[in-house]
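One structure below.
Number of protein chains: 2
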Amino acid sequence: MKLPPLNALRVFLVAAEHHSFTKAGETLHLTQGAVSRHIQTLEAHYGLPLFVRQARGLTLTPEGVALFPAVRDAFSRIEAASEAISRRSRELRVKASPSIASRWVLPRFTQFRNRYPELMVSLVTVTGFDPNFKSREYDISFQACETQEPGLIYHRLRGARFVPVASPALFKDKPRPTIEQFLDYPLLHPSHEDQFWSQWFALSGMNPGSSIEAYAFDTLDLAITAASRGMGITLAEESMIADDLANGSLVQLSDVALVTSWAYYLIYPQELATLPSVIAFRDWALSEFSDSPPPQATL
Amino acid sequence: MKLPPLNALRVFLVAAEHHSFTKAGETLHLTQGAVSRHIQTLEAHYGLPLFVRQARGLTLTPEGVALFPAVRDAFSRIEAASEAISRRSRELRVKASPSIASRWVLPRFTQFRNRYPELMVSLVTVTGFDPNFKSREYDISFQACETQEPGLIYHRLRGARFVPVASPALFKDKPRPTIEQFLDYPLLHPSHEDQFWSQWFALSGMNPGSSIEAYAFDTLDLAITAASRGMGITLAEESMIADDLANGSLVQLSDVALVTSWAYYLIYPQELATLPSVIAFRDWALSEFSDSPPPQATL
DNA sequence: TGTTTACCATGCGTAAAATTCATGGAGCAC
DNA sequence: GTGCTCCATGAATTTTACGCATGGTAAACA
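Here it is, written out as structure tokens:
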């Protein structure tokens with residue numbers, strides 16, 4: 001393949017559009033002389049003139065006329081493809097369940113946006129999980145799961161540990177309840193399905209039998225919010241209540257923690273692994289949401 | 001318009017085709033390091049990787065995959081257009097009538113081809129004249145004419161001057177005929193239409209009346225050829241018989257020359273005036289077929 | 001007609017970019 | 001481990017691009 005000098009071609013394109021070397025130079029932030037030389041280079045390459053230089057403006061030779069649309073189309077094709085892949089590197093859609101979004105991600109999100117101001121990060125809080133990212137509604141996902149799908153990359157963030165918490169206002173002047181006294185209060189359940197409370201009581205050495213009555217909530221987040229408003233005692237995932245414990249809106253009522261078989265992961269498709277936006281978010285998320293130290297809110 | 005570095009794009013294209021920087025370097029006559037740097041430039045421009053470097057071969061990232069066909073198509077578009085206009089600069093189709101072709105052009109044609117070996121020159125000998133070059137069957141034309149069409153460029157080569165010639169063998173041992181004795185021999189007429197012989201006799205001060213019987217030929221060339229074979233006396237255009245006079249196959253029988261109102265021109269469309277091939281041929285033809293000195297054959 | 005004006009061309013010096021060379025390092029095969 | 005094959009990279013060099021200033025030309029102007 002014997003291509004003409006490509007930079008000269010771009011100069012040719014602009015000069016042909018302007019019918020002027022001088023104006024082309026202004027557009028390209030070049031001097032008129034530089035434009036003239038580029039055109040000369042191109043004309044030397046083809047061995048024929050592309051412009052007819054007249055004192056009264058510049059016109060294209062038939063060869064220049066033939067070349068012009070090809071160059072214009074070629075460059076606009078490159079421009080379109082470049083624009084498409086550039087956009088992908090600047091945008092990032094992060095998916096998280098409502099609980100994780102409000103309790104984990106949102107408190108730290110501004111920090112990330114400040115560190116990477118050129119990234120257009122958006123938070124998607126669809127419930128449910130598209131296991132293969134087929135819908136392409138998001139690029140990277142915070143997700144609790146037990147099994148792994150092929151084609152996806154999983155970074156384990158932390159296991160889930162549930163501890164009992166309640167608003168201090170719930171007890172007013174009374175002392176905080178012992179485990180045995182939990183049943184005197186409304187028990188809030190962070191799920192409709194899992195039997196967190198009975199598992200936790202079993203772990204504590206109690207067997208309350210079928211006497212557990214709990215108000216079930218859709219999400220972990222709602223149960224925590226309800227508890228902090230004094231509606232009762234809930235089991236809360238440890239990493240989600242750092243803020244509330246710190247500002248006193250919740251108190252932890254026991255050190256007994258229910259550890260689930262599943263864990264929280266950061267997940268993204270293998271083919272996005274090279275995107276700088278994905279890499280940046282992954283590295284940041286792994287350092288922020290890592291296992292050992294319960295994360296501190298940094299608003 | 002914000003285009004990526006174009007030379008780097010070409011390197012990217014070749015590297016993507018070879019799945020190897022080293023092989024791309026060989027193809028492009030560059031070192032492997034230079035290719036590596038070009039790719040780095042491009043990746044820095046986009047802010048994302050285009051290749052996945054593995055010890056076992058090179059693969060494209062999804063962004064590289066997206067970019068590849070656009071670059072390939074864009075460059076092949078440029079290449080096609082370049083090829084088209086390059087070909088136009090290397091090819092030249094010269095039109096001449098059979099007479100001019102065989103008597104003027106052909107004897108000197110090899111000289112031109114030797115001087116411009118890169119030009120693909122072809123000789124088109126259609127009879128008749130497409131006055132506006134509309135058929136596009138030829139680029140430049142030797143043509144006898146009186147009027148000029150707009151949009152065409154005319155270079156006058158020489159007026160036509162007809163003188164009587166014959167083969168010396170026609171007269172054997174007899175002396176060459178005087179003008180009065182011409183009628184004793186067959187008169188060959190180089191045209192079906194024009195009355196060259198009667199005009200020429202008038203010019204010589206003779207009035208042979210209607211007694212002129214002439215064998216008419218289609219072209220000037222045929223009449224000359226017939227005369228050189230001893231078939232009779234013909235009027236021949238001066239510039240077409242230099243060879244024959246020089247090698248003795250024809251002798252000129254009088255200095256009286258019939259000058260026509262028309263002349264021979266070299267003609268080409270204005271829009272081809274910038275083509276180097278046209279310019280080269282025009283300059284050569286003007287010096288070769290110029291008016292004053294009767295051209296010498298240079299085979 | 002002479003002058004101005006608006007172009008493009010070009011010689012020269014400099015700044016920037018491309019390229020090479022030599023070397024280093026990482027993964028794979030044996 | 002050892003060799004092999006790639007790609008990355010620091011430093012030096014060559015090449016190229018560029019700006020500046022100037023010159024030339026043809027149209028427009030007055």
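Top line first, the protein sequences correspond to chains X and Z. Under full-length UniProt numbering, the first sequence has 222 at position 222, and the numbering climbs by one with no breaks. Under full-length UniProt numbering, the second sequence has 184 at position 184, and the numbering climbs by one with no breaks. From the three backbone atoms N, C-alpha and C, an ideal C-beta is built for every residue, glycine too.
{"Item": "Segment limits, alpha helix (DSSP H) that includes Tyr46 (chain X)", "Value": "32-46"}
{"Item": "Spatially closest choice to Lys2 (chain X) from Z:Gly230, Z:Ala66, Z:Gly64, Z:Ser76, by CA coordinates", "Value": "Z:Ser76"}
{"Item": "Minimum length 3: unbroken beta strand (DSSP E) runs contained in the region 80-145 of chain Z", "Value": "91-95, 120-124, 140-145"}
{"Item": "Nearest to Leu119 (chain Z) (by Cα), restricted to the options Z:Asp130, Z:Leu92, Z:Leu222, Z:Ala242", "Value": "Z:Leu92"}
{"Item": "Near-chain X residues of the region 53-67 of chain Z (beta-carbon distance less than 7 Å), N- to C-terminal order", "Value": "Thr61, Pro62, Glu63, Ala66, Leu67"}
{"Item": "Interface residues of the region 77-93 of chain X facing chain Z [CB-CB below 9 Å]", "Value": "Arg77, Ile78, Glu79, Ala80, Ala81, Ser82, Glu83, Ala84, Ile85, Ser86, Arg88, Ser89, Arg90"}
{"Item": "Contacts of Val71 (chain Z) in chain X (Cβ-Cβ under 9 Å)", "Value": "Arg77, Ile78, Ala81"}
{"Item": "Exposure label - Gly232 (chain Z); buried when at least 16 CB within 10 Å", "Value": "buried"}
{"Item": "Where Gln148 (chain X) sits in the DSSP three-state scheme", "Value": "coil"}
{"Item": "Whole-angstrom C-beta distance between Phe217 (chain X) and Pro186 (chain X), which should lie under 8 Å", "Value": "Actually they do not touch by this definition, with Cβ atoms about 12 Å apart."}
{"Item": "Rounded C-alpha distance that separates Arg53 (chain Z) from Tyr264 (chain X)", "Value": "31 Å"}
{"Item": "heavy atom of the ligand ATP below 7 Å from Tyr116 (chain Z) C-beta", "Value": "As for the ligand ATP, it is missing from this structure, which has no ligand bound."}
{"Item": "Chain-ordered neighbours of Leu48 (chain X) on chain Z, where CB pairs are closer than 9 Å", "Value": "Ile85, Ser86, Arg88, Ser89, Thr274, Leu275, Pro276, Ser277"}
{"Item": "Under 7 Å from the C-beta of Glu271 (chain Z): neighbouring residues of chain X", "Value": "Pro62"}
{"Item": "Thr225 (chain Z) - DSSP class collapsed to helix/strand/coil", "Value": "helix"}
{"Item": "For Ser261 (chain X), the first and last residue of its enclosing beta strand (DSSP E)", "Value": "258-269"}
{"Item": "Limits of the alpha helix (DSSP H) - the one that Ile233 (chain Z) falls within", "Value": "Per DSSP, Ile233 (chain Z) belongs to no alpha helix (DSSP H); it is in the beta strand (DSSP E), 233-237."}
{"Item": "Neighbour-count burial assignment, Lys174 (chain Z), 16 or more Cβ in a 10 Å radius", "Value": "exposed"}
{"Item": "Other residues of its chain near Ser141 (chain Z): CB distance less than 6 Å, five sequence neighbours each side excluded", "Value": "Lys95, Ile267"}
{"Item": "Three-state secondary structure assigned by DSSP to Ile78 (chain X)", "Value": "helix"}
{"Item": "Alpha carbon of residue 330 (chain Z) to alpha carbon of Arg282 (chain Z), nearest angstrom", "Value": "Since the first and last residues shown for chain Z are 1 and 299, residue 330 (chain Z) lies out of range."}
{"Item": "Buried or exposed by the 16-neighbour rule on C-beta atoms within 10 Å, applied to Ala81 (chain X)", "Value": "buried"}
{"Item": "Whole-angstrom C-beta distance between Ser99 (chain X) and Asp221 (chain X), which should lie under 8 Å", "Value": "4 Å"}
{"Item": "Ala101 (chain X) classed as buried or exposed, judged by whether at least 16 other C-beta atoms fall within 10 angstroms", "Value": "buried"}
{"Item": "Counted within 10 angstroms of its Cβ, other Cβ atoms place Ala16 (chain X) as buried (16 or more) or exposed", "Value": "buried"}
{"Item": "Cβ distance (whole Å) where Leu235 (chain Z) is taken to contact Leu258 (chain Z) below 8 Å", "Value": "7 Å"}
{"Item": "Contiguous alpha helix (DSSP H) assignments of at least 4 residues, all confined to the region 46-70 of chain Z", "Value": "none"}
{"Item": "Limits of the alpha helix (DSSP H) - the one that His189 (chain Z) falls within", "Value": "Not the alpha helix (DSSP H): His189 (chain Z) falls in the beta strand (DSSP E), residues 187-189."}
{"Item": "Closest residue to Ser277 (chain Z) among Z:Glu237, Z:Ser86, Z:Arg10 (Cα-Cα distance)", "Value": "Z:Ser86"}
{"Item": "Spatially closest choice to Gly57 (chain X) from X:Ala34, X:Leu42, X:His18, X:Glu238, by CA coordinates", "Value": "X:His18"}
{"Item": "For Ala216 (chain X), the first and last residue of its enclosing beta strand (DSSP E)", "Value": "214-216"}
{"Item": "Gln143 (chain X) classed as buried or exposed, judged by whether at least 16 other C-beta atoms fall within 10 angstroms", "Value": "buried"}
{"Item": "Cutoff 7 Å; reference Pro269 (chain Z); Cβ partners in own chain excluding five residues on either side", "Value": "Phe133, Gly151, Leu152"}
{"Item": "Strand pairing of Pro5 (chain Z), partner residues [DSSP]", "Value": "Per DSSP, none; premise fails for Pro5 (chain Z)."}
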